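Engineer: In mature numbering (1 follows the signal peptide of the UniProt record, and there is no 0), the protein residues as written are -24 to -1, 1 to 89.
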């Protein structure tokens, strides 16, 4: 799991869950008045399709109005990075639900604080 460097005033929680198949995904939330989520996983074959599903499913939650967003490939190994800033009323359960709807946890589960 890769952690993002941040200012010491930011509260950072990182949790990674391993699926029974050995797949891993991670979710990091940075809290500085708004939440910045960074979700990552590897070995994803259809990154653009999954990114579209993530954004579409996140729209189900009006509290999760997105700014400063990115979803796409980074580095090797079909590494997906999905990151975005939302108001602090967009909770981790909404992000986890969005991930499940788009991936059915096929590339690992996430646990967002």
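All residues carry an ideal CB built from backbone N, CA and C; glycine is no exception. Here the structure is a predicted model, which means the values were calculated and not measured.
For residue 25, which of helix, strand or coil comes out of DSSP?
Structural biologist: Within the chain shown, the letter at position 49 stands for residue 25. In the structure shown, residue 25 sits in a helix (DSSP, three-state: H, G or I).
Engineer: Going by beta-carbon coordinates alone, are residue 74 and residue 26 separated by less than 8 Å?
Structural biologist: Along the chain shown, one-based indexing puts residue 74 at 98. Along the chain shown, one-based indexing puts residue 26 at 50. Not in contact: residue 74 and residue 26 (Cβ atoms no closer than 8 Å).
Engineer: Give the range of the beta strand (DSSP E) segment to which residue 8 is assigned.
Structural biologist: Within the chain shown, the letter at position 32 stands for residue 8. Taken as a continuous stretch (DSSP letters only), residue 8 belongs to no beta strand (DSSP E), as it is neither H nor E.
Engineer: Looking only at its chain, what residues have a beta carbon closer than 6 Å to the beta carbon of residue 58, apart from the 5 residues adjacent to it on each side?
Structural biologist: Sequence index remark: in the chain shown, residue 58 carries index 82 (1-based). Cβ neighbours of residue 58 beyond the five flanking positions: 15, 30, 47.
Engineer: Taking the beta strand (DSSP E) that residue 85 falls in, what are its first and last residues?
Structural biologist: The count along the chain shown starts at 1 and reaches residue 85 at position 109. No beta strand (DSSP E) holds residue 85; DSSP gives it neither H nor E.
Engineer: Helix, strand or coil for residue 51 per DSSP?
Structural biologist: If you number the chain shown from 1, residue 51 lands on position 75. Coil.
Engineer: Taking DSSP as the reference, what is the three-state secondary structure of residue 18?
Structural biologist: Position 42 of the chain shown, counted from the start, is the residue given in the question as residue 18. Correct three-state label for residue 18: coil.
Engineer: According to the neighbour-count rule (16 or more other Cβ atoms, all chains shown, within 10 Å of its Cβ), is residue 65 buried or exposed?
Structural biologist: Along the chain shown, read from residue 1 onward, the residue named residue 65 stands at position 89. So residue 65 ends up on the exposed side.
Engineer: Below 8 Å on the Cβ atoms is my contact criterion, and I expect residue 23 with residue 54 to pass it. Report the Cβ-Cβ distance as a whole number of Å.
Structural biologist: Here residue 23 refers to the residue found at position 47 when the chain shown is read from its first residue. Here residue 54 refers to the residue found at position 78 when the chain shown is read from its first residue. Right, the Cβ-Cβ distance comes to about 6 Å (below 8 Å), so this counts as a contact.
Engineer: Need the endpoints of the beta strand (DSSP E) that residue 71 sits in, please.
Structural biologist: Position 95 of the chain shown, counted from the first residue, corresponds to residue 71. No beta strand (DSSP E) holds residue 71; the alpha helix (DSSP H) holding it covers 68 to 79.
Engineer: Specify the secondary structure class of residue -2 as computed by DSSP and reduced to three states.
Structural biologist: For this step, residue -2 is matched to residue 23 along the chain shown. DSSP, read as helix, strand or coil, puts residue -2 in coil.
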